[in-house]
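These notes concern the structure reproduced below.
Protein chains: 2
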Amino acid sequence: MKTARDQLPMVLRAAYLALHRQSDHRFAEYGVTADQFVLMATLQRGEALTQRELARRMPSDPSTVRAMLVLLEKQGLIQRKTHPTDARARTVALTPQGEKLFQKLWQAGEPIRKQIQNSLPPGTIQDLVRLLQCVATGLKTDLHTDLETVS
Amino acid sequence: MKTARDQLPMVLRAAYLALHRQSDHRFAEYGVTADQFVLMATLQRGEALTQRELARRMPSDPSTVRAMLVLLEKQGLIQRKTHPTDARARTVALTPQGEKLFQKLWQAGEPIRKQIQNSLPPGTIQDLVRLLQCVATGLKTDLHTDLETVS
DNA sequence: CTAACTTCGTGCGTGTACGCATGAAATTTG
DNA sequence: CAAATTTCATGCGTACACGCACGAAGTTAG
Chain A
1 MKTARDQLPM VLRAAYLALH RQSDHRFAEY GVTADQFVLM ATLQRGEALT
51 QRELARRMPS DPSTVRAMLV LLEKQGLIQR KTHPTDARAR TVALTPQGEK
101 LFQKLWQAGE PIRKQIQNSL PPGTIQDLVR LLQCVATGLK TDLHTDLETV
151 S
Chain D
1 MKTARDQLPM VLRAAYLALH RQSDHRFAEY GVTADQFVLM ATLQRGEALT
51 QRELARRMPS DPSTVRAMLV LLEKQGLIQR KTHPTDARAR TVALTPQGEK
101 LFQKLWQAGE PIRKQIQNSL PPGTIQDLVR LLQCVATGLK TDLHTDLETV
151 S
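Residue numbers (UniProt numbering), protein chains in the order written: chain A, 1 to 151; chain D, 1 to 151.
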């Protein structure tokens with residue numbers, strides 16, 4: 001018999017991939033992907049982030065974020081300037097078009113959020129968010145610590 | 001103020017990506033990825049699946065699964081034979097080495113499952129699994145149905 | 001039994017997930 | 001101040017996430 005803890009990883013994977021697919025389909029007509037939406041949403045809250053800080057908040061890998069920024073810059077949705085005080089860093093921000101498109105994307109994503117809500121027992125979304133936050137932070141703490149830092 | 005339903009997608013994403021990273025690191029020393037582990041786990045339960053059926057159960061895209069199978073076959077972990085009755089299909093199964101490696105992988109993944117359990121309030125894993133299943137199935141039902149099938 | 005349609009696998013293209021290495025700039029040390 | 005270390009962005013390579021289109025084989029319709 002499968003215990004809950006044994007099937008959790010698979011279910012988490014299935015839920016995320018389903019969300020990702022739906023989002024990609026919804027956003028396709030606006031010419032952006034689900035992850036580009038996440039990037040734009042992260043930019044929207046948080047002024048003039050460096051690429052590294054942006055990656056940290058997404059969360060994603062800096063080199064991944066860079067590739068996304070190149071594409072988004074080509075579409076005129078974001079802009080990169082050299083950091084005012086740190087010459088090696090670059091600050092990222094949404095362009096006016098980026099801001100405007102993001103508003104539409106947020107609207108376009110509403111049916112998905114609603115569908116999730118309807119799929120869940122009433123009032124359990126809050127619990128789900130809390131539990132997922134526990135999982136995320138619990139797994140984030142590790143990384144290069146194998147035996148140390150555990151005690 | 002951010003409602004739970006508005007932040008759920010991001011939190012779900014963060015939790016999954018954290019899990020994926022941890023898994024990749026754990027499995028790296030065995031020469032397989034987190035997703036290859038999922039594929040092998042799916043094969044283990046379910047004898048002689050076609051590639052399509054395997055993709056459906058993962059769940060993943062058939063063309064993605066094909067690419068993974070090519071790599072796993074090169075490593076001798078899985079084997080593909082032509083389907084006995086359907087000439088266009090191919091059945092997939094773990095090789096003995098694949099079976100053996102999977103046992104080790106399951107062990108190697110144990111710390112991750114434990115860490116998740118420890119991150120959560122006692123007895124809530126069951127709830128989390130249930131809620132995630134709701135999300136997954138709720139989002140799976142759609143796909144090409146825009147206005148129809150809704151009524 | 002052909003003809004139309006569906007289903008399986010494959011191949012190609014794009015975007016995202018990383019890791020690792022490099023060079024430049026900032027920070028810390030001596 | 002000069003040297004070692006850290007931090008930023010970039011570039012390259014691999015694996016996964018798809019979609020789309022193709023040919024081959026199975027199924028259904030006439």
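Ideal Cβ placement from N, Cα and C applies to all residues, glycine included.
At a Cβ-Cβ threshold of 7 Å, V129(D) and L8(A) count as neighbours. In the assembly as shown, V38(A) is a buried residue. Its beta-carbon has 16 or more other beta-carbons within 10 Å. Going by C-alpha positions, K140(D) is about 17 Å away from Y16(D).
The C-alpha of K114(D) lies about 28 Å from the C-alpha of R5(D). The count of Cβ pairs closer than 8 Å, one atom from the segment 84–98 of chain A and one from the segment 109–123 of chain D, stays below three, leaving the stretches out of contact.
Per DSSP, the beta-bridge partners of I78(A) are L94(A). For D86(A) and L101(D), the gap between their C-alpha atoms comes out near 48 Å. Bridge pairing for L49(A): V92(A) [DSSP]. Between the alpha carbons of Q44(D) and M1(A) lies a gap of roughly 15 Å. Under the three-state reduction of DSSP, G109(D) is assigned to helix. In the DSSP assignment, H25(A) falls within the unbroken alpha helix (DSSP H) covering 4–28.
Taking one beta carbon from each stretch, the segment 119–138 of chain A and the segment 115–126 of chain D have 3 or more pairs nearer than 8 Å; the two touch. Taking C-alpha positions only, L131(D) is separated from G46(A) by approximately 31 Å.
Taking 7 Å as the threshold, the shortest C-beta distance from P96(D) to chain A does not fall below it. Listed in chain order, the non-local C-beta contacts of R90(A) below 7 Å within the same chain comprise T50, Q51, R80, K81, T82, H83, local neighbours out to five positions each way being set aside.
M1(A) sits in coil when the DSSP states are folded into three classes, being neither helix nor strand.
In the structure shown, M68(A) adopts helical secondary structure according to DSSP, grouped into three states.
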